[in-house]
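Chains as they are written, first to last, in our numbering: chain V, 510 to 943; chain W, 510 to 943. All residues carry an ideal CB built from backbone N, CA and C; glycine is no exception. Predicted model only: the values in this text are computed from it and were never measured. Structure, as C-alpha cells:
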C-alpha cells in the first residue's frame with residue numbers, strides 16, 4: 510500500500526519525444542505520433558515533441574535550390590531547408606489539437622536555439638528552455654521544429670543531416686538543467702531499437718535493452734544508423750537518457766544511458782562497415798617524422814583516417830636503412846584524394862611501393878565489458894580463424910576490437926562472431942522468459 | 510545638355526518589387542524575376558524584393574492542415590502557411606546570386622514586421638526597415654517573404670490572402686519614412702496593368718496609364734482583382750506610388766498615385782460585379798428605428814450590406830400607416846444568413862413581403878472627374894436606356910455610379926458604357942500615337 514501511494518505521488522519525468530522523417534511520413538503517421546504524445550501526457554508526463562521534416566521534404570527543398578543554382582548559398586539553403594521542420598511542427602500541433610489536446614509549435618528561432626554561423630552544419634551554443642517550459646507547465650504539448658537554430662545575427666541555421674536527433678537531445682539537456690530533474694529523450698524511428706548486429710545479415714540478432722553511451726558511439730561510428738554520433742556525444746556529455754524505439758509499436762526499445770548492460774555481458778554488439786578502403790605504404794623509411802608527414806598531408810586534404818597500423822621494422826629500430834610498412838584505412842569516397850596525396854608523399858618518404866585495396870570490410874565487436882575481461886580479442890581472432898577467415902589488419906580501443914577481412918567474408922564473420930559471443934542465444938532466452 | 514547632366518546626377522529611387530505567385534510559379538519564372546530585379550539594380554536603383562509563395566503552394570499547405578484537422582488552429586495555420594513565402598524568398602535570393610548578384614532573404618520575423626495577433630488576417634503595426642536598408646546600402650538585393658509578420662509574443666502571423674501586396678506597400682512606406690525619400694512599389698502580376706474594363710467582356714478595353722488611389726479602390730471593390738483593397742488603402746494613406754505591371758513584359762503598366770489621370774477624363778473605368786443579390790422588403794412601416802433594426806440585425810450576423818436604397822413612402826411621411834420599400838444588396842454567399850435574419854426581422858417591422866433576386870449584376874462607372882462634371886450619372890442612365898436595359902436600383906458615391914440590372918445585360922451594359930464614355934476609342938488613339 511505505502512509503496513503504491515509513494516508511486517502515485519511521484520512527479521512523472523518530463524519526456525522529450527523526437528519523431529523522425531518516417532514517423533512524419535504521412536498525415537496518418539503524424540496523427541499516430543500525435544496520439545502517442547497525447548497518451549504520454551495523459552499518463553502524467555509533461556511532453557515536448559521534436560519533429561523532423563516529412564520524409565522526402567528536405568530533399569525536395571534542396572533540389573529546388575539546386576535547380577535554381579548549382580551551388581546555392583549555404584545561408585539560403587538553410588532558410589529554405591528549415592521550412593521542412595516548421596511545416597511538420599505546425600502539422601503536429603494541429604494533429605494534437607484535433608485529438609483534443611493542447612499544443613503549440615515553436616521554430617528554432619522562437620525557441621531561441623542559438624547556434625554558430627556554420628550554415629548547413631551549425632553547432633548549438635545555447636538553448637533557452639524557458640519558452641517551451643512555460644508552454645508545458647501551462648498544460649500544452651510543446652512541439653519544436655528540429656534540425657534548426659538561429660545565429661547571433663538572427664540568421665536561420667541548420668544542424669546538418671540527422672540534426673533533429675541532436676536538437677532533441679540538446680533540448681532535453683537544456684530542460685534537464687532548467688528544471689534540475691532527470692528528463693528522458695525518446696527517439697522514435699523505423700526500427701525498434703539497437704540490435705546486437707545487423708538483422709539482415711544475422712537473423713538471430715536481438716534487440717539490446719540497455720547500452721552505454723560509449724558502446725552506442727562505437728556502434729554508430731561503425732555504421733549502425735539508428736542514432737547520429739553527435740546526438741550520442743551530446744547525450745553522454747549532459748547525461749541525458751535516450752530511449753530509441755519504434756514509431757510503429759509500443760514495445761520498449763533500447764535505452765542508451767551511462768550504465769549500459771548488466772554485469773557479465775562482455776560483448777554488446779557486432780558491427781561491420783564496408784565503406785572503407787585499405788592503403789598500405791610498403792617499406793617506408795623508419796625514421797622520426799615520416800608518419801607525421803604522411804598523416805599531416807592527408808589531414809590538410811581533409812581526409813579522415815580511421816585505422817592506422819604500423820608494424821615494427823624487420824631490421825632493428827633506429828637503423829638508418831631500416832624500413833617499415835604503414836597501413837591505414839580511409840573512406841572509399843576519399844580514395845581519389847588519398848591517391849593524389851600519396852603519389853606525392855610516397856616518394857618523399859621513400860616508400861618502396863603503395864597498395865590500395867577496396868575489397869575489404871571492417872568487422873568489429875563492441876562492449877564495455879571488455880575493459881575488465883581479458884582474452885576477448887583473442888577469442889575474436891580464434892572465431893575468425895576457425896572459419897578460415899584471414900585477418901588483414903587489427904585495431905583496438907578500450908571497448909572495441911576491429912578486424913579487416915576480405916569483403917566476401919562479411920556475413921560469415923558477422924554471424925560467427927555473433928554466435929561465438931552468444932549474442933543471439935541470450936536474446937532468445939531473455940525474450941522467452943519475458 | 511544641362512537637363513541630361515542633372516538626370517545623371519540624380520539618385521535613382523529605391524524600388525520595391527513584389528512578385529506574386531504566378532511570377533514565382535516555376536524555377537524558370539523565379540530566374541526571370543531575379544534577372545529583372547538585378548537589371549533594375551544595375552540601372553542604379555537600390556532594390557528590395559517581396560515574394561509570394563510559389564503558385565499553388567499556399568493551398569497545398571493549408572490542405573495539409575485540413576487533412577489533419579477539419580478546423581486547424583489559426584496560430585498553427587499561420588506557422589504553416591508562412592513557410593511558403595520563406596521558401597520563395599530563399600529561392601529568389603539563390604536565383605539572384607546565381608546570376609552574379611548579391612542577395613539576402615528575410616522572413617517576416619527577421620524583418621521585424623510587427624502585426625497584431627489576429628492569426629490568418631493580421632494587420633501590420635510597425636515595420637523595422639533598418640535591416641533591409643543596411644542590406645541594400647551594402648549592395649545586396651534584400652528579398653523579403655511577403656504575407657507574413659510576427660506578433661508581440663513572437664508568434665508567426667499572416668496577413669490573409671493577397672497579403673503580399675500589403676507587405677510590399679507597407680515595406681515601401683516604412684522605407685520611404687526611414688529614408689525620407691520617395692520609393693516606388695512595383696507589383697508584378699500576370700496582367701499588364703489596370704484596364705478600363707474587363708477585356709474578356711469588352712475587347713476594346715485599354716490599359717489605364719495613371720489612376721488615382723480612390724479610383725483604384727472603387728475598381729478593386731467592384732471586382733477588379735489586380736490589387737488588393739488593403740494594399741491600395743495603405744498606399745493611399747502613406748502616399749506610396751504603386752506601379753502595377755506584367756511579369757512577362759517590360760512594358761510600363763498602370764501607375765496608381767495620388768494624382769490619377771489627366772484633366773478632362775471624366776470616367777476612368779467600367780466595372781461589374783455578379784456576386785451580389787438584391788433583397789427587397791416591401792411595405793415596411795415608415796417610422797423611426799425600423800431601418801436601424803433591420804441593418805443592426807444583419808450586422809450582428811456579420812453580413813456586409815453594399816447598396817441600400819429606400820424609396821420615399823407613397824403616402825405622406827410620418828403618417829402612422831405610411832409604408833415604404835427598403836432594397837439592399839448583399840453578397841450571394843451571405844444570402845442564407847440574410848434569409849434567417851429577415852424571416853425574423855421582417856415580421857417585427859411588419860413588412861408586407863420580402864423579395865430576393867439573385868439574377869442581377871451591378872454595373873458601375875468610376876472616375877475622379879465626376880466630382881467636377883455634372884450630368885455623368887444622367888449620361889449613364891441614358892446609355893443604358895438606349896439599349897433597352899431596365900435599371901432596378903441606383904447608388905452613387907462621389908466618384909462612382911452603380912446600377913443594378915438583370916444579369917443577361919452584363920456584357921451589353923459594360924460595352925455600351927465603355928463605348929459611350931469613349932474609353933476604348935481614346936485607348937486606340939493613344940496607343941497609335943505612342
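| Check | Outcome |
| --- | --- |
| Run down chain V in chain order and give the residues with a C-beta less than 9 Å from the C-beta of residue 761 of chain W. | Neighbours of residue 761 of chain W on chain V: none; closest Cβ ~28 Å, over 9 Å. |
| Kindly indicate if chain W contains any beta-carbon less than 8 Å away from that of residue 576 of chain V. | yes |
| How long is the line joining the alpha carbons of residue 623 of chain V and residue 661 of chain V, rounded to whole angstroms? | 7 Å |
| Check whether chain W comes within 8 Å of residue 582 of chain V, counting only Cβ atoms and requiring the distance to be less than that. | yes |
| Going by CA-CA distance only, name the one from W:543, W:814, W:596 and W:650 that's closest to residue 608 of chain W. | W:543 |
| Does the Cβ-Cβ distance between residue 527 of chain V and residue 673 of chain V come in under 8 Å? | yes |
| Please determine, among V:869, V:795 and V:638, the residue with the shortest C-alpha to C-alpha distance to residue 485 of chain V. | Because chain V here runs from 510 to 943, residue 485 of chain V falls outside it and cannot be looked at. |
| Against residue 585 of chain V, what residues of chain W qualify as contacts under a CB-to-CB distance less than 7 Å, listed in chain order? | 599, 602, 603 and 614 |
| Looking at the secondary structure, which residues open and close the alpha helix (DSSP H) in which residue 594 of chain W lies? | 583-607 |
| Express the C-alpha separation of residue 695 of chain W and residue 531 of chain V in angstroms, rounding to a whole number. | 43 Å |
| Any C-beta of chain W sitting closer than 8 Å to the C-beta of residue 631 of chain V? | no |
| By the criterion of Cβ-Cβ separation under 9 Å, what are the contact partners of residue 931 of chain W in chain V? | Those do not exist, as residue 931 of chain W stays about 48 Å from chain V at its closest Cβ, beyond 9 Å. |
| Here's the rule I'm using: 16 or more other beta-carbon atoms within 10 Å means buried, otherwise exposed. How should residue 797 of chain V be labelled? | exposed |
| Under 8 Å between C-beta atoms, does residue 619 of chain V make it to chain B? | In summary, chain B is missing from the structure at hand, where the protein chains are V and W. |
| Give the DSSP-derived three-state secondary structure of residue 742 of chain V in the structure shown. | helix |
| In this structure, what does DSSP give as the bridge partners for residue 927 of chain V? | Answer is none; residue 927 of chain V lacks a bridge partner. |
| When Cβ atoms are compared, which residues of the region 707-719 of chain V fall closer than 9 Å to chain W? | none |
| Any contact between the region 696-712 of chain W and the region 645-665 of chain W? By contact I mean 3 or more CB pairs, one from each, below 8 Å. | no |
| Note down, in chain order, all residues in the region 534-549 of chain V with a beta-carbon under 9 Å from any beta-carbon belonging to chain W. | 536, 539, 540 and 543 |
| Would DSSP call residue 900 of chain V helix, strand or coil? | coil |
| Using 8 Å as the limit for Cβ to Cβ distance, is residue 856 of chain V near chain W? | no |
| Just to make sure I have the definition right: I need the residues of chain W whose C-beta is within less than 8 Å of the C-beta of residue 606 of chain V. Which are they? | 578, 581, 582 and 585 |
| Tell me which residues of the region 659-674 of chain W have at least one Cβ-Cβ distance to chain V shorter than 7 Å, keeping chain order. | 663 |
| Can you find a CB in chain W that lies within less than 8 Å of the CB of residue 592 of chain V? | yes |
| Beta-carbon within less than 6 Å of residue 747 of chain V's beta-carbon, same chain only, minus the 5 sequence neighbours each way: which residues are those? | 682 |
| On the criterion of 16 or more Cβ atoms from any shown chain inside 10 Å, does residue 897 of chain V qualify as buried, or is it exposed? | exposed |
| State whether the region 707-724 of chain V contacts the region 913-930 of chain V, with contact taken as three or more CB pairs (one from each stretch) at a distance under 8 Å. | yes |
| With DSSP run on the structure shown, which of helix, strand or coil describes residue 549 of chain V? | helix |
| Using alpha carbons as the reference points, say which of W:921, W:902 and W:818 lies closest to residue 912 of chain W. | W:902 |
| Throw me the rounded Cβ distance for the residue 871 of chain V and residue 782 of chain V pair, which I believe falls under 8 Å. | 5 Å |
| Determine whether the Cβ of residue 793 of chain V lies closer than 8 Å to any Cβ atom of chain W. | no |
| Please report how far the alpha carbon of residue 838 of chain W lies from the alpha carbon of residue 844 of chain W, in whole angstroms. | 10 Å |
| Does DSSP classify residue 785 of chain V as helix, strand or coil? | strand |
| How many angstroms separate the CA atom of residue 583 of chain W from the CA atom of residue 812 of chain V? | 50 Å |
| Starting from the Cα of residue 727 of chain V, find the closest Cα among V:883, V:780 and V:552 and give me that residue. | V:780 |
| Give the interface partners of residue 596 of chain W over in chain V, defined as CB-CB distance under 9 Å, in chain order. | 570, 573, 588, 589 and 592 |
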